[in-house]
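Remarks on the structure that follows.
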Amino acid sequence: MQYVKDALLKSKEKNEATWKVLDKFSYDGDDLGAVCSKTETTFKVWAPTAQMVKLRLYSVGSREELPNVSDVISTTEMEHTPENGLWSITVKGNLKNIYYTYLVTVDGRENETADIYAKAAGVNGLRSMVVDLSDTNPHGWNRDSHIFVENPTDAIIWETHVKDFSYAQSSGVSQKNRGKFLAFTEHTTMYGVRGRRETCVDYLKKIGITHVQLMPIYDFATVNEAGGDEYNWGYDPLNYNVPEGSYSSDPFHGEVRIKECKEMIKALHDAGIGVIMDVVFNHTYKSRDSWFNLTVPGYYYRIGKDGKWSNGSGCGNDTASERKMYRKYMVDSVLYWAKEYHIDGFRFDLMGLHDVDTMNEIRKALDSLPNGSKYLMYGEGWKMFTNVDSGIFLANHTNMGYLDSRIGSFNDGIRDSLKGSAFDDRNKGFAQCGVNKGGIIISAEGQCGKYCGWAQAPTQTINFVSCHDNYTLYDKLVSSCIGNRDYKMRYENLIPMVKLCQTLIMTAQGIPFSLGGEEFCRTKYGDKNSYRSAPSVNMVEWENLSNYGDVSDYYAGLIKIRKQFDMLRDPTRATANRLKFFQNLPNYAAGFMISEEDGEFGENKHHKMAVILNGSADNYLDAEIEYSDGSNWVVLADGTNSGVRSLGVVSNNRFMLNRNSAAILIYKSWYDEIMEKQQKGKKH
Numbered sequence: 001m002q003y004v005k006d007a008l009l010k011s012k013e014k015n016e017a018t019w020k021v022l023d024k025f026s027y028d029g030d031d032l033g034a035v036c037s038k039t040e041t042t043f044k045v046w047a048p049t050a051q052m053v054k055l056r057l058y059s060v061g062s063r064e065e066l067p068n069v070s071d072v073i074s075t076t077e078m079e080h081t082p083e084n085g086l087w088s089i090t091v092k093g094n095l096k097n098i099y100y101t102y103l104v105t106v107d108g109r110e111n112e113t114a115d116i117y118a119k120a121a122g123v124n125g126l127r128s129m130v131v132d133l134s135d136t137n138p139h140g141w142n143r144d145s146h147i148f149v150e151n152p153t154d155a156i157i158w159e160t161h162v163k164d165f166s167y168a169q170s171s172g173v174s175q176k177n178r179g180k181f182l183a184f185t186e187h188t189t190m191y192g193v194r195g196r197r198e199t200c201v202d203y204l205k206k207i208g209i210t211h212v213q214l215m216p217i218y219d220f221a222t223v224n225e226a227g228g229d230e231y232n233w234g235y236d237p238l239n240y241n242v243p244e245g246s247y248s249s250d251p252f253h254g255e256v257r258i259k260e261c262k263e264m265i266k267a268l269h270d271a272g273i274g275v276i277m278d279v280v281f282n283h284t285y286k287s288r289d290s291w292f293n294l295t296v297p298g299y300y301y302r303i304g305k306d307g308k309w310s311n312g313s314g315c316g317n318d319t320a321s322e323r324k325m326y327r328k329y330m331v332d333s334v335l336y337w338a339k340e341y342h343i344d345g346f347r348f349d350l351m352g353l354h355d356v357d358t359m360n361e362i363r364k365a366l367d368s369l370p371n372g373s374k375y376l377m378y379g380e381g382w383k384m385f386t387n388v389d390s391g392i393f394l395a396n397h398t399n400m401g402y403l404d405s406r407i408g409s410f411n412d413g414i415r416d417s418l419k420g421s422a423f424d425d426r427n428k429g430f431a432q433c434g435v436n437k438g439g440i441i442i443s444a445e446g447q448c449g450k451y452c453g454w455a456q457a458p459t460q461t462i463n464f465v466s467c468h469d470n471y472t473l474y475d476k477l478v479s480s481c482i483g484n485r486d487y488k489m490r491y492e493n494l495i496p497m498v499k500l501c502q503t504l505i506m507t508a509q510g511i512p513f514s515l516g517g518e519e520f521c522r523t524k525y526g527d528k529n530s531y532r533s534a535p536s537v538n539m540v541e542w543e544n545l546s547n548y549g550d551v552s553d554y555y556a557g558l559i560k561i562r563k564q565f566d567m568l569r570d571p572t573r574a575t576a577n578r579l580k581f582f583q584n585l586p587n588y589a590a591g592f593m594i595s596e597e598d599g600e601f602g603e604n605k606h607h608k609m610a611v612i613l614n615g616s617a618d619n620y621l622d623a624e625i626e627y628s629d630g631s632n633w634v635v636l637a638d639g640t641n642s643g644v645r646s647l648g649v650v651s652n653n654r655f656m657l658n659r660n661s662a663a664i665l666i667y668k669s670w671y672d673e674i675m676e677k678q679q680k681g682k683k684h
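Residues in the sequence shown are numbered from 1 upward in steps of one, following the UniProt record's numbering.
Quick look at the structure:
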């Protein structure tokens, strides 16, 4: 402690920030937290400003479990290594499934805190738990393997929340597993109205989803794990390296949630679906009483000289990714989930609050793993104010050029261009004939083409029209186009708009993303911020497949088209730079030509695709297909149906589109070539 005291005194004389001093006492080992064996457990915690740290062992995970009996096993002082701020102790014996906390004394005040590096916890996460992770592996876990795609642009991402996914009775999941990790392990789930339809994981496999993005599955603070039917999105981090207990069958025994979380991931992998984890490192649920602040007060957060906590996140306590030990924490946590839980990608909430150096360090760390370059990595690159020193670049759209090209960001430009502002109920986008043709052009290029944009390559662009935030796509269309706002009703004039939106998402350069259930017109009944609304508002209503099966089928057809044509999944800027936009369409319509690359001429004149969008609610569109050599065209999508089979042949370079609809066409000679190859493949 004297090392730190002396350094802090000198720093005051130099007017040097406290955190910069503490960075000099950082620890770079990979053994923070509790490391156990059958004969002993070693505990290590970084607390450079502490005068004393004690380890307290408990027999249970919460006081409520033994209210009338002492549950404390022992309290022992830990040893201090002043040159790196480390406190450690080794306890003999098998401590597996024993709970613990640290008693950290700073400035004469003792605070009890859980371990920020804990890998397991008791109910509601107030006490950490020693765990033998090998005991938490489900059957066949050693044979489980990551689901990777060759390039980020090959991914087709479907966002869901563990509870939303299976809470509805129509999910077909057994009652005991609804809203739980184990719901993902149930197969042959069906919903049987007007014909039986697959649900849940079987459904995702059927329509061609490559990755599920799971909203927070780490331990969050805003649901009572021992309570009833509470709901929260989970953007309230408590224990970053512990799965959420309310999603398990038994939140009181810390090993159960770990095993069941792994079972969920394995079930998705068995279905050929990768798992992307939503991580929220930009803030914590608590501020002064967070585990981080009780361990090293003030260090992990951006706090101004005036004592005010930075609030770019809107949650009151922006974390400081630029500081060595929080940067290390983020890297360590991501690697832990990637290795221990076989997570295949990471989505960073409010990524624009993190510095670019930290994000690049995480990318580098993932790259060091087997097949590491194939982990997906992206986040919300919004530009937000936060209290950082000058010279620190934040990972927002302005600074995407400083990030590795395999770190992506959500493209709010395509979202707002298609359906109107996410923050204005009545504002219309291109799909509702609110126009914004310029936004459509930039969006088609994936923000990285000839015109303008913030991305280096399509690998940095996550194209979406709805996510868990704001309105669902269908609710936005109802709010902006329908007066009475009956969100449950099927409005025939809105269905083509939904299909039009997804047509651009699937044909634009970049990585396609959708909110789970968007493809069968999911509603949250007009709730645009449902983070703690009832499960009945947030749940995926699988029975909607009965009423909107045609929309789901259309999405599935678009997925087939995207998977068939490499130029839609180009990880480089080459295809974006070859896009040619139609010049002779009215203002309410847009169209573009996509060409495959030819090594000799730069553009394959015989492999071309036309995408045409009609945003008008009043006018049919007699569209001229520009940049054509006069060849016949095969229709793959016409606003009603979509897929890789011909819907008809068009000659004379003209195509008639219905109102608010979209079409995809390719040269007939190319289509015939594809069919011939497929026939030859079947013979062999």
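Just so it is clear, CB atoms sit at the ideal spot from N, CA and C, and this is done for glycine as well. Model, not experiment: these values are computed from the prediction.
DSSP bridge partner residues for residue i (one or two, in chain order)
| i | result |
| --- | --- |
| residue 694 | With the chain represented from 1 up to 684, any question about residue 694 goes unanswered, as that position is not in the structure. |
| Gly-379 | Phe-348 and Ser-409 |
| Asp-219 | Asn-239 |
| Trp-46 | Leu-86 |
| Phe-655 | Ala-623 |
| Tyr-99 | Tyr-58 and Met-129 |
| Trp-633 | Val-650 and Tyr-667 |
| Leu-568 | DSSP lists no partner for Leu-568. |
| Met-593 | Lys-580 and Ala-610 |
| Asn-111 | Val-104 |
| Asn-463 | Asn-411 and Pro-512 |
| Ala-118 | Paired residue(s): none; Ala-118 is not in a bridge. |
Presumed contact (8 Å Cβ cut-off) between residue i and residue j, rounded CB distance
| i | j | result |
| --- | --- | --- |
| Lys-324 | Asp-23 | 4 Å |
| Asn-544 | Ile-505 | Their Cβ separation, rounded to whole angstroms, is 20 Å, which puts Asn-544 and Ile-505 out of contact at 8 Å. |
| Thr-199 | Ser-174 | Rounded, the Cβ-Cβ distance is 12 Å, inconsistent with contact. |
Boundaries (first-last residue) of the alpha helix (DSSP H) holding residue i
| i | result |
| --- | --- |
| Tyr-555 | 544-564 |
| Asn-293 | 291-295 |
| Ser-480 | 473-481 |
| Ile-442 | 437-444 |
| Pro-535 | 535-538 |
| Val-256 | 254-270 |
| Pro-496 | 495-507 |
| Ser-333 | 324-340 |
| Ile-207 | 200-207 |
| Val-21 | 18-23 |
C-beta atoms of residue i and residue j nearer than 9 Å
| i | j | result |
| --- | --- | --- |
| Pro-251 | Ala-221 | no |
| Asp-355 | Val-331 | no |
| Arg-573 | Cys-448 | yes |
| Asp-416 | Gln-509 | no |
| Leu-613 | Pro-586 | no |
| Ile-276 | Leu-214 | yes |
| Ser-514 | Glu-112 | no |
| Asn-604 | Ile-625 | no |
| Phe-281 | Thr-319 | yes |
| Tyr-231 | Ser-533 | yes |
| Ala-662 | Lys-499 | yes |
| Gly-298 | Thr-18 | yes |
| Ser-59 | Tyr-99 | yes |
| Tyr-301 | Trp-309 | yes |
| Lys-374 | Val-149 | yes |
| Tyr-671 | Ser-646 | yes |
| Lys-560 | Gly-208 | yes |
Opening and closing residue of the beta strand (DSSP E) in which residue i lies
| i | result |
| --- | --- |
| Met-52 | 52-58 |
| Ile-157 | 157-160 |
| Met-366 | It is worth fixing the name first, because residue 366 is Leu in this sequence and not Met. Here Leu-366 belongs to no beta strand (DSSP E); instead the alpha helix (DSSP H) covers 356-367. |
| Arg-578 | No beta strand (DSSP E) contains Arg-578, which is instead part of the alpha helix (DSSP H) from 574-578. |
| Asp-278 | 274-279 |
| Cys-521 | Note, Cys-521: premise wrong, no beta strand (DSSP E); not H, not E. |
| Leu-394 | Leu-394 -> no beta strand (DSSP E), and no H or E assigned at all. |
| Thr-284 | Counting along the chain, Thr-284 falls outside any beta strand (DSSP E), and DSSP gives it neither H nor E. |
| Val-212 | 211-214 |
Can you confirm whether the region 401-412 touches the region 428-438 when touching is taken to mean that 3 or more C-beta pairs between the two stretches lie within less than 8 Å?
no
If we count Cβ pairs, one from each stretch, closer than 8 Å, do we get three or more for the region 74-83 versus the region 29-42?
no
Within 8 Å, do at least three Cβ pairs link the region 477-497 to the region 421-433?
yes
So, do the region 226-246 and the region 135-154 have three or more beta carbon pairs nearer to each other than 8 Å?
no
Measuring CB atoms only, is the region 306-322 touching the region 124-140, in the sense that at least three cross pairs come out at less than 8 Å?
no
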